[in-house]
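Written out below as structure tokens is the structure these notes cover.
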Amino acid sequence: MKDSGSLYEDGGVPLGNIGGHDYALAEAGPLDARYYELSAGYRWADYGLTLNYSSVRGDDWNHNLVANEFRLWDTSSQYAWIWYGLEDEDAVSLLGNADFGNLGLPGLSWNGGVWYSDHARGYIGFRRVELTNMLSYRFSGPLQGLSLSWLNSIHRSRGELDNMSRTANPVGPAMLERKDVNRLYLTWSRTF
């Protein structure tokens, strides 16, 4: 991710002052972020496992700086609740998926993962741990096209901004969050 014409918001993305603190989705300045990922996985007929290692160098890999949603690509972090893209952050994740059709539960599937990182530039005592699961059921027969999904994510971050490497309290992918997420999705799709 480098400065590239009008694709990047290098003027920063401020949110303003909240409770006496300045917050920003992204700080102003030039970009020179590099994201690396190494993945190894295996897929059986109904199950799969993938082990991933990701590393960010140069700057935060902050998709909030990118205009027109020019940020979508396949990485292990896209399945996480929080993006693991802070400068000097190294993250390890284990992702899994299962289709329970052969166990007598056609239409039922699971996707999930666990992520861990313990270092990022601009923080003291930094660590993030996350466990995310998605259980989905696709209906058949007269309800074909209808699906019901439950998303559960437990995310824990700790640490403090060092107040030397950053000029604003960052939110978005750089936020220190503690989240317990439970969401239920009911979707319907129809092919015309």
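For the sequence shown, the numbering used here gives the first residue as 19, with consecutive numbering after it. Cβ coordinates follow ideal geometry from the N, Cα and C atoms, glycine included. In this text the structure is predicted, and so the values were computed from the model without any measurement.
Proximity below 9 Å, CB of residue i to CB of residue j
i: M152; j: N120; result: no
i: L202; j: S167; result: yes
i: S171; j: Y134; result: no
i: L104; j: W79; result: yes
i: R139; j: R176; result: no
i: G66; j: A116; result: yes
i: Y97; j: G131; result: yes
i: G159; j: R208; result: no
i: A42; j: V74; result: no
i: L56; j: N70; result: yes
i: Y60; j: T93; result: no
Residue i burial status per 10 Å Cβ neighbour count (16 or more: buried)
i: L204; result: exposed
i: L123; result: exposed
i: F88; result: Any reading at F88 must be qualified, since the residue scores a pLDDT of 44, below 50, and its modelled position is unreliable; the value itself is stated next. Classification for F88: exposed.
i: V199; result: exposed
i: L161; result: exposed
i: N86; result: Note on N86: pLDDT 49, under 50, position unreliable in the model; the coordinate value appears next. Per the 10 Å Cβ criterion, exposed.
i: R195; result: Sequence inspection shows Glu at residue 195; the Arg mentioned does not correspond to that position. Burial call: exposed.
Residue range of the beta strand (DSSP E) that includes residue i
i: I142; result: 141 to 156
i: Y134; result: 126 to 135
i: A51; result: No beta strand (DSSP E) contains A51, which DSSP labels as neither H nor E.
i: E178; result: 164 to 179
i: D117; result: 108 to 117
i: T205; result: 196 to 206
i: N120; result: From DSSP, N120 is part of no beta strand (DSSP E); its letter is neither H nor E.
i: G66; result: 65 to 75
Presumed contact (8 Å Cβ cut-off) between residue i and residue j, rounded CB distance
i: H39; j: I100; result: That belief does not hold up - the Cβ atoms of H39 and I100 are roughly 20 Å apart, past 8 Å.
i: Y141; j: E178; result: 7 Å
i: S72; j: S95; result: 6 Å
i: H137; j: D106; result: 6 Å
Heavy atom of the ligand HEM within 8 Å of residue i beta-carbon
i: P124; result: Questions concerning the ligand HEM fall outside what the structure shown contains, since it holds no ligand whatsoever.
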